[in-house]
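J.: Pasting a structure below so you can have a look.
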Amino acid sequence: MSAYGRARFTGRTVVVTGAGSGIGRETAVSFATEGAEVVVADIDEAAAAATVEQITATGGRAAAVRTDVSDPASVEALMDRTVELFGKLDVLHNNAFWAPLYRPVVDTTVDEWDRTIGVTLTGVFLGCKFGIPRMVAGGGGVIVNTASVAALTVNPKYAAYMAAKGGVVALTKSIAYDYGPQHIRCNAVAPGLVQGTGATRPVFENPERVEWLMRKIALGRPGQPSDIAKAVLFLTSDDADYITGDTMVVDGGRLIG
Ligand SMILES: NC(=O)c1ccc[n+]([C@@H]2O[C@H](COP(=O)([O-])OP(=O)(O)OC[C@H]3O[C@@H](n4cnc5c(N)ncnc54)[C@H](O)[C@@H]3O)[C@@H](O)[C@H]2O)c1
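Counting in the working numbering, the sequence shown runs from 12 upward without gaps.
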């Protein structure tokens, strides 16, 4: 049960990709704390195992499955393994990403572009492609895709990342519309700047950039992985059962500035 005394996911099976670090790890732990059986999927096997250890140490149920979200065979195997382990799939959080930092279009290599789209956008497509049939077989399910405020405004010199995340927002609406009648809800969460993740470590090593960024955030602090996890759990819980196709911004008021 969570610190708020809730256990909204008891009896539900949840897959979280990119759950070896940052936002994905925090979300996986939060789902387990609220009663879910969690499949921790990450390309980094040791990191995934560490998340599982964190969950099982406090009595939760979880399993690590090494997954490359850009590889169709790997994602299909993840979904098969989930059903093998826990009998079904109820909730999917497509969260893994890869992108080069600080690259405007001209400086982005074709390989960097392909890998960014492959992991960050195709990874979401593949999770849904192989996850939705398993959810439908169980009577329905819920998906949350991690987008970014970079899909909704400009992050300077993040060309491939912005394109991939824009795609995630559009794909989220497409899935919500096409599979709503089969009892699938699909939303996205768009974090602002989140501290304590692999992605933003280089940002927080640059005090001038942090100061500039803090001036843009109404609440005057960076987000924490738990701020995003709380939104993901809300969107995938029955509390949000009439919400689909939405992109929920969780940015401390950055976009309004
Ligand atoms: N941290 C932020 O400020 C921020 C802001 C907006 C959006 N986001 C989004 O949040 C999500 C999580 O980011 P984070 O900040 O926690 O980053 P992170 O670097 O801490 O975690 C990303 C995880 O994805 C895994 N991964 C990378 N390639 C993979 C692949 N091919 N297959 C499976 N797993 C793979 C990594 O091993 C890592 O564990 C991402 O989608 C990111 O774009 C983060």
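All C-beta atoms, glycine included, are put in the ideal place defined by N, C-alpha and C.
Does the beta-carbon of Val179, which I'm using as the reference point, lie nearer than 6 Å to any heavy atom of ligand 1?
T.: No, the beta carbon of Val179 sits no closer than 6 Å to any heavy atom of ligand 1.
J.: Among Ala251, Val49 and Asp79, which one has its Cα closest to the Cα of Gln65?
T.: Val49
J.: What number of angstroms, rounded off, separates the C-alpha of Arg220 from the C-alpha of Val63?
T.: 34 Å
J.: By DSSP's criteria, Lys72 is part of a beta bridge. Which residues make up the other side?
T.: Per the sequence presented here, residue 72 reads as Arg, with Lys not at that position. Looking at the DSSP assignment, Arg72 forms a beta bridge with Glu48.
J.: Hey, how far is the Cα of Arg17 from the Cα of Lys168?
T.: 41 Å
J.: Taking the alpha carbon of Pro111 as the point to measure from, which residue in Ile143, Phe42, Ala210 and Thr67 has its own alpha carbon closest?
T.: Ala210
J.: From the DSSP output, in three-state form, read off Leu266 for me.
T.: coil
J.: When DSSP builds the beta bridges, which residues end up paired with Ala199?
T.: Residue pairing by DSSP puts Ala199 in a beta bridge opposite Asn156 and Thr258.
J.: Checking contacts by CB at 7 Å: is Gly31 closer than that to chain B?
T.: The structure shown contains no chain B, having only a single protein chain.
J.: With respect to 6 Å, is the separation between the Cβ of Ala210 and the closest non-hydrogen atom of ligand 1 below this value?
T.: yes
J.: In whole angstroms, give me the CA-to-CA distance for Val76 and Ser32.
T.: The alpha-carbon atoms of Val76 and Ser32 are separated by roughly 14 Å.
J.: Determine the closest residue to Arg23 out of Thr44, Ile34 and Arg36, with distance taken between C-alpha atoms.
T.: Thr44
J.: Is it right to say Leu230 is buried, meaning 16 or more other beta carbons lie within 10 angstroms of its own, or is it exposed?
T.: Exposed is the call here.
J.: Answer yes or no: the CB of Gly29 versus the heavy atoms of ligand 1, is any distance below 6 Å?
T.: yes
J.: Nearest by alpha-carbon distance to Phe245: which of Phe108, Ile154 and Val117 is it?
T.: Closest option to Phe245, Cα to Cα, is Ile154.
J.: With C-beta atoms as the reference, is Pro233 less than 7 Å away from Gln193?
T.: no
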